[in-house]
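A.B. asks: Next up is a structure, given as structure tokens.
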Amino acid sequence: MFNKIFYKLFNKRLNKLFNQKFTIKLTATLLLVSQVSVAQTQLDVEQASRSVSGLKNNVVEREKTNLNPKEQVKISQRTLAFKGMSRPEVSYARQQKATSNLLTSALSQNVEYDAGSYHSFSIYSGYSELILDIDEDGYYQSFSVTFDADILSSMANEQAVVYADLYLSQNGGPWVLYFSSDDFVITGEDSEDEFEVVTQLDSGYVADHYDVLIDLYEVGFSAVVATYSANNTNALYALPLESSDYDPEYIAVEYYDEHSGGSSWLLFGALLALVYRYCLVKFG
Numbered sequence: 045m046f047n048k049i050f051y052k053l054f055n056k057r058l059n060k061l062f063n064q065k066f067t068i069k070l071t072a073t074l075l076l077v078s079q080v081s082v083a084q085t086q087l088d089v090e091q092a093s094r095s096v097s098g099l100k101n102n103v104v105e106r107e108k109t110n111l112n113p114k115e116q117v118k119i120s121q122r123t124l125a126f127k128g129m130s131r132p133e134v135s136y137a138r139q140q141k142a143t144s145n146l147l148t149s150a151l152s153q154n155v156e157y158d159a160g161s162y163h164s165f166s167i168y169s170g171y172s173e174l175i176l177d178i179d180e181d182g183y184y185q186s187f188s189v190t191f192d193a194d195i196l197s198s199m200a201n202e203q204a205v206v207y208a209d210l211y212l213s214q215n216g217g218p219w220v221l222y223f224s225s226d227d228f229v230i231t232g233e234d235s236e237d238e239f240e241v242v243t244q245l246d247s248g249y250v251a252d253h254y255d256v257l258i259d260l261y262e263v264g265f266s267a268v269v270a271t272y273s274a275n276n277t278n279a280l281y282a283l284p285l286e287s288s289d290y291d292p293e294y295i296a297v298e299y300y301d302e303h304s305g306g307s308s309w310l311l312f313g314a315l316l317a318l319v320y321r322y323c324l325v326k327f328g
């Protein structure tokens, strides 16, 4: 009889202990899986941004400060085609497109892709400007990048039609395309043709440091003709950025206590009661 009772109690205790351990392990496993799922979800969040661009003298201050999140900015087909792709992917896609265009131009005798129109280029300088940080945490949701591309030629005032790809690298990660410009004209080594891109990060960019890279192309050719990046200047290195969904606007709320007078009298009464009790205890 005693052995049966002991056996029952032992089994009950053992089952309870097993269930507790199993529950703890199951809970830990579920927490781990949920953390992995959340991390995967964060990685899959689409990065959204909008940019306006043009010769620096033509990009007015209003465009820098009034890129309203709800404002519809026309996005070029060039940007839509490759935005969000890595730099090697963009390079491969442009080569494929150029090959197709060459075949088409050969059939139509289009001279746009004639190798004889090729120039030599360099990007003389590039820098950034941090524009808007609503919550004042040191990370900006809008910024601009300005660069001066030149033609290396013995001919004065030689001109060429070019465009640029701009990339961001988060904390040393891969270069991801965030903007492709429309075609623009540069003249020799003229400093008056500086090109500026103003960008508003809308979503998907966590607060971190981002490097900038600029690839320059001559229209009609698939190869990059000049590159300028954080490797060339600290002005494009480790920009403190975040998208607007991580940069909330704080609204100050003022609270007025209409019963502050009554509260003061209650506090005064409580102090008097404490003094009275102290006197009773002290002096009997």
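If you use the numbering used here, the sequence shown corresponds to residues 45 to 328, in order.
We put the beta carbon where it would ideally sit given N, CA and C, even for glycine.
From a predicted model like this one, the values you see are computed outputs, not experimental measurements.
(1) Tell me, which residues are paired with P284 by DSSP?
(2) Can you tell me which of F126, H163, S287, L316 puts its alpha carbon nearest to the alpha carbon of D252?
(3) Might you give, ordered along the chain, the residues of its own chain that have their beta carbon closer than 7 Å to the beta carbon of W219, omitting 5 neighbours on each side?
(4) Should the segment 236–248 be called in touch with the segment 179–188, which here means at least 3 C-beta pairs below 8 Å?
(5) Measure the C-alpha to C-alpha separation of A125 and D209 and round it to an integer number of angstroms.
(6) If you draw a straight line from the C-alpha of Q203 to the C-alpha of D192, how long is it?
(7) Identify, in the order they occur along the chain, each residue of the same chain with its Cβ nearer than 8 Å to the Cβ of A274, setting aside the five sequence neighbours on each side.
(8) For D226, count neighbouring C-beta atoms within 10 Å of its own C-beta (all shown protein chains included) and say buried if the count is 16 or more, exposed if not.
(9) Are the CB atoms of V269 and V189 nearer to each other than 8 Å?
(10) Whose C-beta lies closer than 8 Å to the C-beta of R122 among residues of the same chain, with five residues either side of it excluded?
(11) For S172, does the count of other Cβ atoms within 10 angstroms reach 16, so buried, or fall short, so exposed?
(12) Taking D291 as the reference, which of K100, E180, S166 has the closest Cα?
(13) G98 to F228, Cα distance in whole Å?
(14) Under a three-way DSSP split, which group does E240 fall into?
(15) Report the partner residues of R131 according to the DSSP bridge assignment.
(16) From Y136 to Y222, what does the alpha carbon distance come to, in whole angstroms?
(17) Which of the three DSSP states, helix, strand or coil, is assigned to L260?
(18) How would you write the range of the alpha helix (DSSP H) that Q121 sits in, first residue to last?
C.D. replies: The short version:
(1) In the DSSP secondary-structure assignment, P284 is bridged to H253.
(2) Nearest C-alpha to D252 among F126, H163, S287, L316: S287.
(3) These residues qualify, in order along the chain: S130, R131, Y211, S213, L257.
(4) Yes, the segment 236–248 is in contact with the segment 179–188.
(5) Approximately 12 Å, taken between the alpha carbons.
(6) Their Cα atoms are separated by approximately 14 Å.
(7) Taking C-beta separations shorter than 8 Å and ignoring five residues to either side along the sequence, the partners of A274 in its chain run S213, D255, V256, L257, L280, Y281, A282, following chain order.
(8) Exposed, since its Cβ has fewer than 16 Cβ neighbours within 10 Å.
(9) With a cutoff of 8 Å on beta-carbon distance, V269 and V189 are scored as not near each other.
(10) Taken in chain order, the residues that qualify are Y207, S224, S225, D226.
(11) Under this definition S172 is a buried residue.
(12) Among K100, E180, S166, the Cα nearest to that of D291 is on E180.
(13) Cα-Cα distance, rounded: 8 Å.
(14) Reduced to three states, the DSSP call for E240 is strand.
(15) Paired residue(s): none; R131 is not in a bridge.
(16) Near 17 Å, if we compare the C-alpha coordinates of Y222 and Y136.
(17) L260 falls in the strand class under three-state DSSP.
(18) Per DSSP, Q121 is one residue of the alpha helix (DSSP H) stretching across 121–126.
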